[in-house]
């Protein structure tokens with residue numbers, strides 16, 4: 001029974017790592033689509049979101065199956081319920097990458113992001129990518145300390161979002177309302193992506209330590 | 001055992017109804033704050049989001065306790081896992097009401113929404129309110145048919161969002177980038193609120209019929 005349960009958990013964990021890698025790849029490609037007005041990259045991200053959704057369903061099914069067959073209690077139960085939360089966050093990260101790709105697609109062949117905003121979006125995309133990488137690593141090998149690093153990375157994302165708004169709201173902003181709105185929404189997509197990564201970090205701390213991190217805002 | 005399980009489910013259901021009523025009240029008050037530049041209303045919504053988060057934790061604890069004590073399988077297990085998903089959507093709806101309130105707070109004493117946009121936000125707030133009401137009713141008494149009405153209401157929300165962007169992106173837009181960005185983000189908060197309501201409707205269809213609605217986008 002114990003061995004079976006461990007095998008179930010390993011399978012769930014494997015699915016979550018695959019999902020994390022998929023949403024990381026999706027956001028990388030969405031950023032390429034955004035910064036180089038690459039329509040094919042945008043379309044690929046949009047099409048492939050279904051793959052992330054499919055893994056999400058597999059996690060759900062595997063967790064339900066594990067609970068039904070193994071009737072886990074206490075920390076075992078906590079682990080499988082945590083997996084559900086993590087997969088929901090990852091699913092949402094995939095959606096956010098898709099939103100970035102859709103913005104690039106909608107504006108094609110024009111670039112959605114004017115030259116002045118490229119550095120800040122490059123910065124946001126780098127932070128997002130590092131966070132997604134950390135999550136994939138943590139899912140493979142949970143550690144309470146490393147999860148805290150995600151919080152810190154998220155502070156960097158918040159700084160970048162403030163910088164973005166400073167440019168968008170500057171008196172000299174020359175691009176009109178539409179580009180300002182796109183910029184603000186895109187900033188929000190990256191910032192939300194990072195928030196979900198932080199949530200996952202908190203779930204993993206809870207998993208390792210048994211102590212909840214009060215992450216609800 | 002069976003009676004105990006039913007009592008557990010009733011308790012979870014009662015918590016979800018309370019949560020739905022709380023997020024409905026939050027969005028109503030946030031809209032008042034937004035449209036009348038009412039700082040007290042905005043602050044009250046922001047403070048009281050912690051109450052929604054608290055109920056969310058209670059649902060989580062009750063579900064974990066129910067699984068551990070009753071070891072539900074099949075449709076019983078589906079019910080308690082569905083409750084987790086619904087509470088996560090409700091928690092997020094509370095956050096979105098808080099975001100609307102924070103926008104009103106940030107712009108106070110100016111109104112965050114100029115006169116031209118008031119009708120569309122009134123419309124969005126009405127749709128959001130109806131959807132939240134339907135959800136509270138459905139949680140008390142799940143029905144597969146009524147859940148479909150939420151999809152339809154959400155189409156109305158999407159139409160309103162398109163209308164909003166038409167105004168924001170009109171050549172004559174006189175308010176500059178900051179107000180346009182606030183308008184776009186506010187529109188997104190209402191639209192996301194409605195999306196979560198649709199998710200809950202889909203979860204409830206699944207609960208009643210056992211058939212998943214493919215709602216992942």
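Residue numbers (the UniProt record's numbering), protein chains in the order written: chain A, 1 to 217; chain B, 1 to 217. For glycine and all other residues, C-beta sits at the position ideal for the given N, C-alpha and C.
Whose C-beta lies closer than 8 Å to the C-beta of residue i among residues of the same chain, with five residues either side of it excluded?
i, result
"residue 144 (chain B)", "204, 205, 208 and 209"
"residue 224 (chain A)", "With chain A running from 1 to 217 in the structure shown, residue 224 (chain A) is simply not present."
"residue 72 (chain A)", "5, 66, 79 and 80"
"residue 108 (chain A)", "37, 39 and 42"
"residue 118 (chain B)", "35"
"residue 110 (chain A)", "37"
"residue 184 (chain A)", "164, 165 and 168"
"residue 62 (chain B)", "8, 11, 12 and 15"
Can you tell which of the options has its C-alpha closest to the C-alpha of residue i?
i, options, result
"residue 27 (chain A)", "A:95, A:200 and A:176", "A:95"
"residue 120 (chain A)", "A:37, A:98 and A:186", "A:186"
"residue 161 (chain B)", "B:175, B:177 and B:189", "B:189"
"residue 23 (chain A)", "A:36, A:48, A:12 and A:7", "A:48"
"residue 12 (chain A)", "A:82, A:51, A:180 and A:165", "A:82"
"residue 169 (chain B)", "A:176, A:169 and A:171", "A:176"
"residue 113 (chain A)", "A:178, A:141, A:157 and A:193", "A:178"
"residue 182 (chain A)", "A:197, A:196 and A:164", "A:164"
"residue 156 (chain A)", "A:146, A:126, A:167 and A:110", "A:126"
"residue 10 (chain B)", "B:141, B:104, B:194 and B:39", "B:141"
"residue 35 (chain B)", "B:194, B:103, B:60 and B:2", "B:103"
"residue 193 (chain B)", "B:116, B:111, B:151 and B:139", "B:151"
"residue 128 (chain A)", "A:198, A:211, A:3 and A:2", "A:198"
"residue 2 (chain A)", "A:70, A:64, A:60 and A:122", "A:70"
"residue 159 (chain A)", "A:115, A:211 and A:124", "A:124"
"residue 60 (chain A)", "B:180, B:59 and B:84", "B:84"
Determine the extent of the alpha helix (DSSP H) in which residue i is found, giving its start and end residues.
i, result
"residue 49 (chain B)", "39–70"
"residue 115 (chain B)", "That residue, residue 115 (chain B), is in no alpha helix (DSSP H); it is neither H nor E in DSSP."
"residue 187 (chain B)", "176–209"
"residue 225 (chain B)", "Absent from the structure is residue 225 (chain B), since the part of chain B shown begins at 1 and ends at 217."
So what does DSSP say about residue i, is it helix, strand or coil?
i, result
"residue 169 (chain B)", "coil"
"residue 110 (chain B)", "coil"
"residue 141 (chain A)", "coil"
"residue 80 (chain A)", "helix"
"residue 73 (chain B)", "coil"
Grab me the residues of residue i's own chain with a C-beta within less than 6 Å of its C-beta, minus the 5 sequence neighbours each way, in chain order.
i, result
"residue 30 (chain B)", "45, 97, 100 and 101"
"residue 21 (chain A)", "136"
"residue 75 (chain B)", "none"
"residue 200 (chain B)", "86, 89 and 135"
"residue 50 (chain A)", "none"
"residue 8 (chain B)", "66"
"residue 191 (chain A)", "157 and 161"
"residue 92 (chain A)", "196"
"residue 64 (chain A)", "none"
In its own chain, which residues sit with a C-beta less than 7 Å from the C-beta of residue i, not counting the 5 before and 5 after it?
i, result
"residue 41 (chain B)", "29, 32 and 33"
"residue 130 (chain A)", "153"
"residue 149 (chain A)", "134"
"residue 43 (chain A)", "105"
"residue 146 (chain A)", "134 and 138"
"residue 25 (chain B)", "none"
I'd like to confirm something about residue i: is its beta-carbon nearer than 7 Å to some heavy atom of the ligand MG, or not?
i, result
"residue 85 (chain B)", "By its list of ligands, the structure shown contains no ligand whatsoever, and the ligand MG lies outside what it can speak to."
If you pair each beta-carbon of the region 46–60 of chain A with each one of the region 15–25 of chain A, do three or more pairs fall below 8 Å? yes
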